[in-house]
Amino acid sequence: MKLKVCGLKSPENIEQLTKLNIDFMGFIFFELSKRFVADTLSKEIIKTIPNQIKKIAVFVNARSEDILWTLKDYDSKFNYIQCHGDETPEFCQDLKKMGFGIIKAFQMDEEFDFSQLKAYESVVDYYLFDTSSKNYGGSGQKFDWTLLNKYQGNKPFFLSGGMKPEDVKQLQNFNHPQFYAIDINSRFEDEPGLKNIESIKTFCENLNQTSNINE
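Each residue of the sequence shown is one higher than the one before, starting from 2 at the first, in my numbering.
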């Protein structure tokens, strides 16, 4: 089980997190997000993140040329692009051809049609299942994880949406053959974009008591 911390903004916060047992850092380049990072994140900050922590750039319905224009300032230090909007399989494939790993997010509710995932199977590296929200994430609410019993595909996924420190036991009891990573964000913050390091550290330690979070 891997761990992704998303919605980072503070350079000091980022530096503190590099000392914890995490696998992915997510940076949001969606201007309507409270955690929009383009005005605070420099390539110098990105370079300080160890290579073993993979860097994810999160976009929502952005044009491919705008994505490339944004990321060129970071000297190709981002490992993945997370497409968190209504991006098509063709769009994801075009980005993948440019050398990025692709994570495609989907908003979960009772009406979600898992058959739509088939078209993305060959053009993305991971899925991310998040709580349905008009603002494309950041709701701080969990969805019903039993909905994922309907997912019979072969693509590993990140579990996202309202994850909080008290959810350790529920996560340890959640079983799915393609469950790959946990995505945490707003419930581990002191304010938007500023993570509570002690809360994340304790969360990692509690998960590790009965499982290896980095397996």
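Using N, Cα and C, we set each Cβ at its ideal position, and we do this for glycine too.
When Cys93, Lys73, Leu4 are compared against Gln53, the one with the closest alpha-carbon: Mapped onto the sequence shown, residue 53 falls at position 52. It is Leu4 whose Cα lies nearest to the Cα of Gln53.
Candidates Asp87, Gly194, Ala120, Phe175, of which the one nearest Phe37 by Cα: Reading the sequence shown from its first residue, position 36 is the one you call residue 37. The candidate whose alpha carbon is nearest that of Phe37 is Gly194.
CB-CB length for Met2 against Ala182, believed under 8 Å: Indexing the sequence shown from 1 puts residue 2 at position 1. Indexing the sequence shown from 1 puts residue 182 at position 181. Yes, they are in contact, since the Cβ atoms of Met2 and Ala182 sit about 7 Å apart, within 8 Å.
Beta-carbon spacing of Ala58, Phe31 below 8 Å: Residue numbering aside, residue 58 sits at position 57 when the sequence shown is read from its first letter. Residue numbering aside, residue 31 sits at position 30 when the sequence shown is read from its first letter. No, Cβ-Cβ distance for Ala58 and Phe31 is not below 8 Å.
Exposed unless 16 or more other CB atoms sit within 10 angstroms - verdict on Gln108: Working through the sequence shown from its first residue, we reach residue 108 at position 107. Looking at its Cβ environment, which holds 16 or more other Cβ atoms inside 10 Å, Gln108 is buried.
Bridge partners - Leu148, DSSP secondary structure assignment: As a working note, residue 148 is residue 147 in the sequence shown. BP columns for Leu148 are empty, so no partner.
Buried versus exposed call for Asn62 [16 or more other C-beta atoms within 10 Å across all chains shown]: Translated into positions along the sequence shown, residue 62 becomes position 61. Burial call: exposed.
Cβ pair count under 8 Å reaching 3, the segment 161 to 176 against the segment 117 to 128: no
Reference Glu199, options Asn22, Leu149, Ser77, Glu112, closest by Cα: As a working mapping, residue 199 is identified with position 198 in the sequence shown. When each option's Cα is compared against that of Glu199, the closest is Asn22.
Cβ-based neighbour list, Leu72, same chain, cut-off 7 Å, excluding 5 preceding and 5 following: Here residue 72 is taken as the residue at index 71 of the sequence shown, counted from 1. Cβ neighbours of Leu72 beyond the five flanking positions: Ala58, Phe79.
Beta carbon of Phe180 nearer than 8 Å to that of Phe158: Counting from 1 along the sequence shown, the entry for residue 180 is found at position 179. Counting from 1 along the sequence shown, the entry for residue 158 is found at position 157. Cβ atoms of Phe180 and Phe158: closer than 8 Å.
First and last residue of the uninterrupted alpha helix (DSSP H) at Ile198: Translated into positions along the sequence shown, residue 198 becomes position 197. First-last of the alpha helix (DSSP H) with Ile198: 198 to 209.
Pair within 8 Å by beta-carbon distance, Asp114 and Ser133: For this step, residue 114 is matched to residue 113 along the sequence shown. For this step, residue 133 is matched to residue 132 along the sequence shown. No, they are not a contact pair.
Where Lys105 falls, given that 16 or more other Cβ within 10 Å makes a residue buried: Position 104 of the sequence shown, counted from the start, is the residue given in the question as residue 105. Buried, because 16 or more other Cβ atoms sit within 10 Å of the Cβ of Lys105.
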